[in-house]
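First the structure, in the form of structure tokens, and then the observations on it.
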Amino acid sequence: MPTKSLFAYWIVGMFWCGIWSAPGVHAEERLTDETRVQRAVAEAERQFGPDSSVTAAALTQQGEILLALGQDREADKALGRAVAILEKRLGRDHPEVAEGRTKLARAKLHLGEWNAARTLLEGVVGGLERSLGSDHLNTASARINLARVLMAEPEQRATAARLVEQAIPVLVKGLWSDHARVAEAWMVLSRIRFAQGRIDDSLESVIKALQIREKSLGGEHPLVAESLRERGQQLVARREPRTAEPFLRRSVEILTRSGGSASLELAESLERLADAHIAMQRPVEAETQLLKALRLREDALGKEHPALVKLLNDLALLRQGADDLAGAESLFRRALAITEKRMGQNHLQVAFIVGNLAQLAARRGQNREADGLFARSVAVAERYFQGNALGLSDWLANFGIVLHKEGAGERAGVLLRRAESLLIQQYGREHPQVVRVSRVIQELEGAAKPTTAVPVVAQPPAKPLSDAMQQAYTITPATLVPLDSLLLPGATTVGTGSGAGSGVTRQPAAPTGTENKISSPAGAVKQGAVIHLSCFAGESPSLTQLEEKIRALSLPTYRKMIKKGAALYECLFVGPYATRPEAEAVAERIRTQTGVDHPLVGRYIRGEP
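Numbering (numbering that gives the first Met the number 0), first residue to last: 0 to 608.
Following this line, the structure appears as structure tokens:
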């Protein structure tokens, strides 16, 4: 089972099937609503009975208000009871039951119960296909909801993309091409494609959503601001913060003019603008934006809502970067107290925050305290991922990389070796994930000091390194590189050139007659380095697009066929270069100018079998 990324804060609150939350409503008003709905539930039970449709409606409203208050466990109970009543009265395939099950799935996401949410939404899709048909608007919306959850699982993202791609024509036919729902579908598809590493396709999708929203809603609508924020966030992740800043500023300006009803959306845009400032090394501006966002969230949600946790963590990291260690610790501990109270002692968010406290203690030289906190962080992750070896190994590997890059090489090595052991037990030594973790361990053990190269296991965020895990699990999922972009272990090249053995960094030689000439001195070298970009099964337009993108940088490329079992993969390489530093410099250029996050530098030996 893959790692489940904790981006429920991003997914929840966005479902169409009757799910909504009232933005900008103050906590006091929501408490009044909660009291009123509690009375309504009791009155419905008294007058109509505990299994009546009136009681189910009251329970549903109660669940939605509890979710808005951050009381996720209580909301789950209320919504679960409502769904049970509706299923008993109407049957599992009834559209009203589908709406209730979708709301219950939202509560499960808040609780981090991904499998339960996925099962509920799969049932919703199947039920609506049977009751309303595959081309019904509600069915299309249900497919998009399911796609939002599936995108948390790396190997399910292709399925998630297909679900949205199937839904968009249905929405266009049943509504119109410029309808707000169509724009929302393009937004979801943009996020999925971005998670897949399809950066250009992702930007194309969000631009379509933005164009529809500006045309149909005007330039001042909060949904236009959301699309601008999404576009800016993607550009920051591509390490283009200066390009992102105007989009993020415009998003903030629109939402500021919208007034109090858009306060939570404004807080989100301020946080993303802070991300851009952090990436541009502007910590003072970033802290200003984050403090504004914190005040907005506290006014709207109260001072103990889970939505404050990541914001407090980001502020703590800025204080830590400014050597205000006491201020950083205070913010980390506030975030930890909220998480433990609202989500429990064994929530994965606890592991992240405790890990940050451990790094803070290590920075102060409090090694004994740091060791205890690191041990607690890992223990929480072990309990969270119980029975999910791949999820735990992914978490350990990513956390190990963060520690390695911050100079905690010994602790990083322990985590990475444990991740490697778990993966070997689960999949064997030749699995791509195992090969990649093993290579990071080799890099760590062979380095005299922490490397600044991009790790080959996780995509690094454009935020402070100590925030890498927190960012990965609250905004976008941390993933190992998907299979189609690996140097396949246990594979052999087809035709002339060298093989690519299991765990070996040797790369195939450039074939004769390649279209791109290899510039001197690389063309004459017999030994050196080459950059591996990606492998694709069969004919793939993506490979051609990638090759064209690299050639636009005037870099020498060539392809090589690699065979693994009965399957053939066509792989794209850049180089070779006379020395590894030359190749690493080119790899960094590829990362910064094309958005390719995982070019691998390996050894090149010309003419080797």
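C-beta: ideal position from N, C-alpha, C; glycine also. Computed from a predicted model, the values in this text were never measured in an experiment.
Practice problem: Provide the residue span of the alpha helix (DSSP H) that contains R375, from first to last. | Solution: Within the sequence shown, residue 375 is the residue found at index 376, counting from 1. Per DSSP, R375 is one residue of the alpha helix (DSSP H) stretching across N366 to Y383.
Practice problem: Find the nearest neighbour of Q365 within the set L335, A378 and L324, judged by alpha-carbon distance. | Solution: Taking the sequence shown and counting its residues from 1, one reaches residue 365 at position 366. Nearest option by C-alpha distance: L324.
Self-check item: Whole runs of the alpha helix (DSSP H) within the segment 308–360, excluding any shorter than 4 residues
Solution: Runs of the alpha helix (DSSP H) lying entirely within the segment 308–360 and spanning at least 4 residues, in chain order: 308–320 and 324–342.
Exercise. Compare the Cα-Cα distances from L162 to each of A179, D134, D177 and L174 and report the closest residue.
Key: Start at 1 with the first residue of the sequence shown, and residue 162 comes out as number 163. When each option's Cα is compared against that of L162, the closest is D134.
Quiz prompt | Residue nearest to A411 in terms of C-alpha spacing, selected from G126, G125, G343 and L443 | solution = Position 412 of the sequence shown holds residue 411. Of all alpha-carbon atoms in G126, G125, G343 and L443, the one lying nearest the alpha-carbon of A411 is that of L443.
Quiz item: Should T593 be labelled buried (16 or more other beta-carbon atoms within 10 Å of its own) or exposed?
Solution: As a first step, residue 593 must be located in the sequence shown, where it is residue number 594. Residue environment: T593 is assigned as buried (16 or more neighbouring CB atoms within 10 Å of its CB, all protein chains considered).
Quiz item: Is A374 buried or exposed, if buried means 16 or more other CB atoms sit within 10 Å of its CB?
Solution: Locating residue 374 in the sequence shown gives position 375, where the first residue counts as 1. By the Cβ neighbour-count rule, A374 is exposed, with fewer than 16 other Cβ atoms within 10 Å of its own.
Quiz item: How would you call K172, buried or exposed, if buried means at least 16 neighbouring beta carbons within 10 angstroms?
Solution: Looking up residue 172 in the sequence shown gives position 173. Taking every protein chain shown into account, the CB of K172 has fewer than 16 other CB atoms within 10 angstroms, so this residue is exposed.
Quiz item: Is A157 helix, strand or coil by DSSP?
Solution: Numbered from its first residue, the sequence shown carries residue 157 at position 158. For A157, the three-state secondary structure derived from DSSP is helix.
Quiz item: In the DSSP assignment, what residue or residues form a beta bridge with I530?
Solution: Translated into positions along the sequence shown, residue 530 becomes position 531. I530 is bridged to V573 and V600.
Quiz item: How would you label D322, buried or exposed, when you count the other beta carbons within 10 angstroms and need 16 or more for buried?
Solution: On the sequence shown, residue 322 is found 323 positions in, with the first residue counted as 1. Label assigned to D322: exposed.
Quiz prompt | Beta bridge counterpart(s) of M560 as assigned by DSSP | solution = Against the sequence shown, residue 560 aligns to sequence position 561. In DSSP, M560 forms a bridge with E569.
Quiz prompt | 8 angstroms Cβ cutoff met for E575 and G527 | solution = Counting from one through the sequence shown, the residue named residue 575 turns up at place 576. Counting from one through the sequence shown, the residue named residue 527 turns up at place 528. Looking at the sequence shown, residue 575 is not Glu but Pro. Cβ atoms of P575 and G527: closer than 8 angstroms.
Quiz item: Where do the ends of the alpha helix (DSSP H) carrying S257 lie?
Solution: As a first step, residue 257 must be located in the sequence shown, where it is residue number 258. From DSSP, the alpha helix (DSSP H) with S257 extends over P240 to S257.
Exercise. Mind checking which residues open and close the alpha helix (DSSP H) that includes H109?
Key: Sequence index remark: in the sequence shown, residue 109 carries index 110 (1-based). Looking at the DSSP string, the run of the alpha helix (DSSP H) that includes H109 is P94 to H109.
Self-check item: Own chain partners of Q288 with C-beta closer than 6 angstroms, once the 5 adjacent residues on each side are dropped
Solution: To locate residue 288, count along the sequence shown from 1; it is residue 289. So the qualifying residues of the chain are L269, L272 and A273.
Quiz item: Applying the criterion that 16 or more other CB atoms from any shown protein chain within 10 Å of the CB defines a buried residue, is V283 buried or exposed?
Solution: If you number the sequence shown from 1, residue 283 lands on position 284. Classification of V283: exposed, given that the 10 Å Cβ count is below 16.
Quiz item: Using CA coordinates, which residue listed in G231, L234, A224 and H276 is at the minimum distance from E264?
Solution: Position 265 of the sequence shown, counted from the start, is the residue given in the question as residue 264. Of the listed residues, the one whose Cα sits closest to E264 is A224.
Quiz item: Name the DSSP bridge partner or partners of F535?
Solution: Sequence index remark: in the sequence shown, residue 535 carries index 536 (1-based). Answer is E569, bridged to F535.
Quiz prompt | Terminal residues of the alpha helix (DSSP H) in which G427 lies | solution = Counting from one through the sequence shown, the residue named residue 427 turns up at place 428. Careful: G427 lies outside any alpha helix (DSSP H) and carries neither H nor E.
Quiz item: When the Cα of R190 is compared with those of P168, A151, K214 and A166, which residue comes out closest?
Solution: Translated into positions along the sequence shown, residue 190 becomes position 191. Among P168, A151, K214 and A166, the Cα nearest to that of R190 belongs to A151.
Quiz item: What is the DSSP secondary structure of A182, reduced to helix, strand or coil?
Solution: Residue numbering aside, residue 182 sits at position 183 when the sequence shown is read from its first letter. Correct three-state label for A182: helix.
Quiz item: Looking only at C-alpha atoms, which of L78, V40 and I84 sits nearest to D50?
Solution: What you label residue 50 is simply residue 51 of the sequence shown in a count that begins at 1. Cα-wise, what sits closest to D50 is I84.
Practice problem: Classify P221 as helix, strand or coil using the three-state DSSP reduction. | Solution: Translated into positions along the sequence shown, residue 221 becomes position 222. Helix.
Practice problem: Classify N397 as helix, strand or coil using the three-state DSSP reduction. | Solution: One-based indexing of the sequence shown puts residue 397 at position 398. DSSP places N397 in the helix class (H, G or I) of the three-state scheme.
Exercise. Would you decide whether L149 is buried or exposed? Buried here means 16 or more other CB atoms lie within 10 Å of its CB.
Key: Locating residue 149 in the sequence shown gives position 150, where the first residue counts as 1. By the C-beta density criterion, L149 is buried, having at least 16 other C-beta atoms within 10 angstroms.
Practice problem: Please indicate yes or no: does the CB of L542 lie closer than 7 angstroms to some heavy atom of the ligand NAP? | Solution: No copy of the ligand NAP appears in this structure; indeed no ligand is present at all.
Quiz item: Do the CB positions of F535 and T556 come within less than 8 angstroms of each other?
Solution: For the purposes of this step, residue 535 is taken as residue 536 along the sequence shown, with counting starting at 1. For the purposes of this step, residue 556 is taken as residue 557 along the sequence shown, with counting starting at 1. No, these two residues do not count as a Cβ contact at 8 angstroms.
Exercise. Note down the Cα distance separating E63 from G231, rounded to an integer number of angstroms.
Key: Locating residue 63 in the sequence shown gives position 64, counting from the first residue. Locating residue 231 in the sequence shown gives position 232, counting from the first residue. Within the model, the alpha-carbon separation for E63 versus G231 is close to 30 angstroms.
Exercise. Can you give me the start and stop residues for the alpha helix (DSSP H) that H276 sits inside?
Key: Looking up residue 276 in the sequence shown gives position 277. Residues S262 to A278.
Exercise. Please classify R237: does DSSP put it in a helix, a strand, or coil?
Key: Here the question's residue 237 lines up with position 238 in the sequence shown. Under the three-state reduction of DSSP, R237 is assigned to coil, being neither helix nor strand.
Exercise. Would you mind stating whether V439 and I530 have Cβ atoms separated by less than 8 angstroms?
Key: Here the question's residue 439 lines up with position 440 in the sequence shown. Here the question's residue 530 lines up with position 531 in the sequence shown. Against a cut-off of 8 angstroms, the Cβ pair of I530 and V439 comes out as no contact.
Quiz item: Candidates V181, A159, E252 and E286: which alpha carbon is nearest V169's?
Solution: Within the sequence shown, numbered from 1, the residue matching residue 169 stands at position 170. Measuring from the Cα of V169, the nearest candidate turns out to be V181.
Quiz prompt | Through-space distance from A315 to A327, alpha-carbon basis | solution = Indexing the sequence shown from 1 puts residue 327 at position 328. Indexing the sequence shown from 1 puts residue 315 at position 316. Distance between the alpha carbons of A327 and A315 is about 4 angstroms.
Practice problem: Quick one: measure Cβ to Cβ for Y383 and A350, integer angstroms, because I've assumed they're closer than 8 angstroms. | Solution: Here residue 383 refers to the residue found at position 384 of the sequence shown. Here residue 350 refers to the residue found at position 351 of the sequence shown. Sure, about 7 angstroms apart at Cβ, within 8 angstroms.
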